[in-house]
Structure formats: C-alpha cells, structure tokens
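Please read the structure below before turning to the comments.
Numbering (this note's numbering), first residue to last: 1 to 467.
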C-alpha cells in the first residue's frame with residue numbers, strides 16, 4: 001500500500017470541495033421552475049427578465065385586458081392632474097400594465113390564477129402607469145411639451161381629494177333638487193312630460209328655494225338670473241329677486257386674518273376704524289364700513305376665505321347639471337342653459353380677482369367723469385389686492401328702498417332717466433358697461449345723484465357691436 005504525503009491528500013480534498021461547491025452554485029443558479037423562470041434570482045432582476053419573457057405575455061392577456069388598460073391609463077392621468085395626448089396615455093398604460101404583471105408574478109411566486117395576483121396587478125398597474133407618465137414628462141422634448149396642456153407639478157392626492165369633494169357636492173345638490181321637486185330634470189324619478197317654461201306652475205318658487213338651499217355661487221346665479229327680464233318670464237324674475245343679499249355673514253375673525261394677510265400689516269396700521277358688522281354679505285365677499293387715518297370714510301370689500309376653491313368646485317358641478325337638464329328638458333335647450341352656465345362660470349372666475357374690479361371701476365369712472373349726475377366710487381389702490389378692495393364711501397340708499405326715496409323727495413322719473421342715459425352712453429359710446437345692475441348695485445345718494453357700485457361684472461362691445 002502506497003502512502004501519500006499529507007499535503008497531497010489535503011490538496012486533493014480541497015480541489016474536490018471546491019469542485020462540489022462550484023457545482024452546487026451552478027446548479028442553484030441554473031435551477032428553473034416548470035415555467036422556465038429563475039427562482040433564486042434577485043427580485044428586481046427577475047422582474048426585468050420577466051418583461052422580456054413569453055411567460056409575461058401569457059399572463060398579461062394583452063388583448064383581453066385592453067379595456068382594463070385603457071381605464072387604468074385614464075384614471076392615472078386624472079390622478080396626476082396633467083393632460084397628455086391619448087397616444088402617450090395609452091402607451092403609459094400598456095407599459096404600466098406589463099410592469100405590474102411582471103412584479104405581481106414575482107410577488108405571488110408565479111401563480112397568475114391566484115386572487116393575490118389579480119389584486120396586485122390592478123394596484124401596481126395604476127401606480128406604475130402614473131410613474132410611466134411622469135417619466136414621459138421628464139424625457140419629453142420641448143416640442144412634445146408644447147402639444148400638452150400647461151404643465152404643473154402632479155398632485156395625485158390633491159386631485160383625488162378635489163374629485164371626491166366635487167362628487168359629494170354633486171350628490172348634495174341632486175338631493176336638494178329632488179327635495180324641491182326638480183329631480184326629474186336631473187334624471188331622478190319619472191319624467192312624464194316635458195313642460196314649457198311658461199306653463200310650469202310652481203317651478204319658479206321651487207327653483208328659487210333650491211338655489212337658496214344650495215348656497216354659494218348658486219345664490220349668485222339666482223341673483224344674475226333675477227336681472228334677465230329678456231331671458232325669463234316675469235314669474236321667475238319676481239321669485240328670484242328674493243335671493244338678493246340673502247347670504248349668511250362670515251366669521252369676523254377669519255375676515256380680519258385674511259385682510260391682514262392681504263395687506264401685509266395689522267389692520268390698525270391701515271385703517272383708523274372698521275365696523276366688523278358687514279354692510280352686505282354676498283356670495284363671494286363681504287363689505288365693511290371703515291375710516292382711514294385721514295378721516296375719509298371707505299367701504300372695504302373682503303373676499304370670503306376659501307371661496308375660490310368652493311366656486312371652482314361648484315362651477316364644475318353647475319356645468320354638469322346644465323348638460324343634464326338640457327338633455328332632459330326642451331325648455332332648457334330653448335333657453336341655451338348650457339351656454340348661459342358657461343358664460344356665468346367665466347364671469348364668476350373674473351369676479352374672484354378684485355384687481356379686475358378695481359380696473360373696471362377706474363375705467364368706467366374715467367369714462368363717466370363728464371356726467372355729474374352719476375357717482376362711481378374712487379379706488380384706494382394702496383389698500384387693495386386680489387382679495388381686498390377699498391373704495392370711497394357713497395352715502396345713500398339702495399333703489400329697492402322706494403319708501404325712503406319717496407321720503408327724501410327725489411324725483412324717481414329723473415333718477416330713472418339718469419340711469420338710462422348713462423347706461424346707453426356706456427354701451428354705445430364708451431363700449432364698456434356695468435353688466436350686473438341689479439337693485440343692490442344701484443344707489444340714490446343723499447345729494448340726489450345716482451350711484452353705481454360693484455363693477456366685478458363688466459361687458460365690452462366693439463365698434464361693430466355698437467353700430
């Protein structure tokens with residue numbers, strides 16, 4: 001028997017151990033399951049390999065999943081709040097779906113028939129489609145960005161929150177409408193016949209109370225409609241006129257905080273005195289009487305906190321309601337309810353910026369400077385902003401207060417003549433005129449002049465329209 005040196009034996013055993021270890025490693029890496037996928041490959045690498053495997057194509061069911069992919073792509077686009085072309089949305093949807101299937105196969109240990117797989121696919125598909133859309137946005141060329149809507153930072157949580165609030169508001173308004181017997185016009189309940197607006201018994205009363213219960217900009221809508229004698233029957237005008245100034249006042253502490261934030265200084269530094277009981281509480285803002293340190297009396301118009309967001313929410317709901325009513329009532333189509341709602345929405349958005357009202361007031365005041373019978377308040381620009389407007393105080397009464405006008409001995413016919421003449425001048429000569437002359441915006445001053453206030457709504461006529 002031959003004896004080998006110990007060193008040779010040890011070297012041979014080491015070589016055998018190394019060979020066996022290497023073989024086990026190769027077998028482990030090469031081991032595949034029945035579907036041909038690597039088991040012990042890292043998660044991310046396995047997902048990437050799945051993207052290019054035939055197994056993924058089988059699990060994704062691309063043809064039968066097209067409807068789901070399109071819905072997910074649309075939903076992801078809405079959650080991001082950024083509008084893209086349909087091509088980019090669909091491509092993002094397909095990429096997100098494939099990536100979601102690959103990731104779900106890994107997490108469920110390649111069991112596409114399981115409930116967990118289906119759940120994971122839909123959840124991951126939305127998230128990954130949103131990610132694909134963001135990546136498209138980051139790598140897009142300037143020419144591609146030019147074809148998209150104006151970009152902004154995606155805020156999916158905010159978008160979902162706004163959508164949910166809009167849905168709740170829509171449901172609230174439809175319940176109010178149904179409570180006042182207006183449900184059939186919104187698709188709630190039976191609609192046995194299509195009434196003509198002139199012959200709708202009780203409809204003006206129901207609409208007026210529904211608008212009042214809806215609150216917010218719907219009260220403003222009723223106020224605007226109450227001035228449209230050219231559009232609505234007298235019965236509607238009479239009922240809607242009751243909506244004037246019927247708005248609950250805002251908390252004075254909140255209004256004071258907003259005023260100081262807009263002015264950038266304490267109220268006492270800007271005004272010597274403010275009476276925090278509002279002169280008027282409108283749907284967008286409130287008016288207070290104040291006094292400057294110079295002793296001049298002013299009116300301070302302050303926007304309600306958070307009203308811009310509430311108005312935009314209500315505008316979207318209003319436009320949807322207008323479409324629904326038009327589709328179900330012939331009188332709504334005859335009166336172009338949808339077009340009126342869009343025009344009202346556009347004008348209301350302008351009224352949210354008090355700087356526009358300030359410019360309108362100064363422009364019409366300059367145009368009417370040669371008419372001593374008409375008074376338009378001066379604007380204190382240094383005390384005004386987008387949500388605050390400081391105006392000259394006009395001492396007088398509303399034209400609705402007919403008894404007081406009679407007591408003061410004013411000639412109502414002369415006052416009407418002044419109002420008519422100045423209105424015609426604004427429209428046919430100046431081309432800029434007060435577009436919301438409801439009784440709350442027309443005053444009779446103590447000195448006998450006619451006063452116009454609230455120029456948030458102004459219309460313009462070009463030379464062709466004037467002729």
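Each residue gets a CB set at the ideal place from its N, CA and C atoms; glycine is no exception.
These figures come from a predicted structure and were not determined experimentally.
Between the alpha carbons of residue i and residue j, how many angstroms are there, rounded?
{"i": "residue 365", "j": "residue 462", "result": "19 Å"}
{"i": "residue 426", "j": "residue 367", "result": "8 Å"}
{"i": "residue 224", "j": "residue 354", "result": "19 Å"}
{"i": "residue 466", "j": "residue 422", "result": "15 Å"}
{"i": "residue 416", "j": "residue 410", "result": "11 Å"}
{"i": "residue 75", "j": "residue 69", "result": "10 Å"}
{"i": "residue 387", "j": "residue 294", "result": "23 Å"}
{"i": "residue 288", "j": "residue 171", "result": "35 Å"}
{"i": "residue 340", "j": "residue 346", "result": "10 Å"}
{"i": "residue 251", "j": "residue 235", "result": "35 Å"}
{"i": "residue 278", "j": "residue 126", "result": "49 Å"}
{"i": "residue 178", "j": "residue 281", "result": "28 Å"}
{"i": "residue 307", "j": "residue 216", "result": "8 Å"}
{"i": "residue 473", "j": "residue 330", "result": "Here the chain comprises residues numbered 1 to 467, so residue 473 is not present and cannot be evaluated."}
{"i": "residue 369", "j": "residue 328", "result": "49 Å"}
{"i": "residue 334", "j": "residue 371", "result": "40 Å"}
{"i": "residue 87", "j": "residue 336", "result": "35 Å"}
{"i": "residue 311", "j": "residue 256", "result": "21 Å"}
{"i": "residue 100", "j": "residue 204", "result": "55 Å"}
{"i": "residue 71", "j": "residue 85", "result": "15 Å"}
{"i": "residue 350", "j": "residue 344", "result": "10 Å"}
{"i": "residue 464", "j": "residue 230", "result": "22 Å"}
{"i": "residue 458", "j": "residue 437", "result": "10 Å"}
{"i": "residue 264", "j": "residue 275", "result": "20 Å"}
{"i": "residue 403", "j": "residue 394", "result": "19 Å"}
{"i": "residue 428", "j": "residue 407", "result": "34 Å"}
{"i": "residue 114", "j": "residue 108", "result": "8 Å"}
{"i": "residue 296", "j": "residue 269", "result": "15 Å"}
{"i": "residue 258", "j": "residue 398", "result": "28 Å"}
{"i": "residue 202", "j": "residue 180", "result": "10 Å"}
Who are the near neighbours of residue i in its chain, counting only those whose CB is closer than 6 Å to its CB and skipping five residues on each side?
{"i": "residue 362", "result": "379"}
{"i": "residue 240", "result": "208, 222, 225 and 226"}
{"i": "residue 254", "result": "305"}
{"i": "residue 390", "result": "298, 300, 380, 383 and 384"}
{"i": "residue 332", "result": "325 and 326"}
{"i": "residue 262", "result": "385, 387 and 388"}
Whose C-beta lies closer than 7 Å to the C-beta of residue i among residues of the same chain, with five residues either side of it excluded?
{"i": "residue 104", "result": "117, 120, 121 and 124"}
{"i": "residue 455", "result": "357, 360, 361, 364 and 434"}
{"i": "residue 73", "result": "89, 90, 92, 93 and 129"}
{"i": "residue 460", "result": "431 and 432"}
{"i": "residue 95", "result": "132"}
{"i": "residue 447", "result": "none"}
{"i": "residue 392", "result": "298, 377 and 378"}
{"i": "residue 271", "result": "290, 291 and 292"}
{"i": "residue 176", "result": "210, 213 and 214"}
{"i": "residue 338", "result": "322, 323 and 326"}
Would you mind giving the Cβ-Cβ distance between residue i and residue j, rounded to the nearest angstrom? I have them listed as a contact below 8 Å.
{"i": "residue 303", "j": "residue 249", "result": "The pair is not a contact, with the Cβ atoms about 14 Å apart (cut-off 8 Å)."}
{"i": "residue 405", "j": "residue 444", "result": "6 Å"}
{"i": "residue 321", "j": "residue 342", "result": "Incorrect: roughly 12 Å between the Cβ atoms, too far for contact."}
{"i": "residue 290", "j": "residue 273", "result": "6 Å"}
{"i": "residue 352", "j": "residue 315", "result": "The pair is not a contact, with the Cβ atoms about 10 Å apart (cut-off 8 Å)."}
{"i": "residue 232", "j": "residue 206", "result": "About 14 Å separates the two Cβ atoms, so there is no contact after all."}
{"i": "residue 439", "j": "residue 412", "result": "Going by Cβ atoms, the distance from residue 439 to residue 412 rounds to 13 Å, so no, they are not a contact pair."}
{"i": "residue 77", "j": "residue 97", "result": "Between residue 97 and residue 77 the Cβ distance is about 14 Å, and since that is not below 8 Å, they are no contact."}
Leaving out five residues before and five after residue i in sequence, what residues of the same chain have Cβ atoms less than 8 Å from its Cβ?
{"i": "residue 441", "result": "434, 452, 453 and 454"}
{"i": "residue 313", "result": "162, 165, 166 and 169"}
{"i": "residue 450", "result": "373, 374, 375, 415, 418, 419, 422, 442, 443 and 444"}
{"i": "residue 228", "result": "237"}
{"i": "residue 260", "result": "266 and 267"}
{"i": "residue 317", "result": "166, 169, 170 and 173"}
{"i": "residue 424", "result": "none"}
What residues are listed by DSSP as bridge partners for residue i?
{"i": "residue 288", "result": "300"}
{"i": "residue 374", "result": "450"}
{"i": "residue 274", "result": "290"}
{"i": "residue 458", "result": "434"}
{"i": "residue 416", "result": "According to DSSP, residue 416 bridges with nothing at all."}
{"i": "residue 281", "result": "286"}
Quick one: complete alpha helix (DSSP H) runs, 4+ long, within the segment 66-140? 66-80, 86-107 and 115-139
Could you pull out every unbroken beta strand (DSSP E) segment of at least 3 residues lying fully inside the segment 426-452, listed in chain order? 432-434, 442-445 and 450-452
Pick out the complete alpha helix (DSSP H) segments inside the segment 340-399, 4 residues or longer, and give them in chain order. 354-367
What ranges does the alpha helix (DSSP H) occupy inside the segment 194-258, keeping only unbroken runs of at least 4 residues that lie completely in it? 203-214, 217-225 and 234-240
Any beta strand (DSSP E) of 3 or more consecutive residues that is wholly inside the segment 309-341: none
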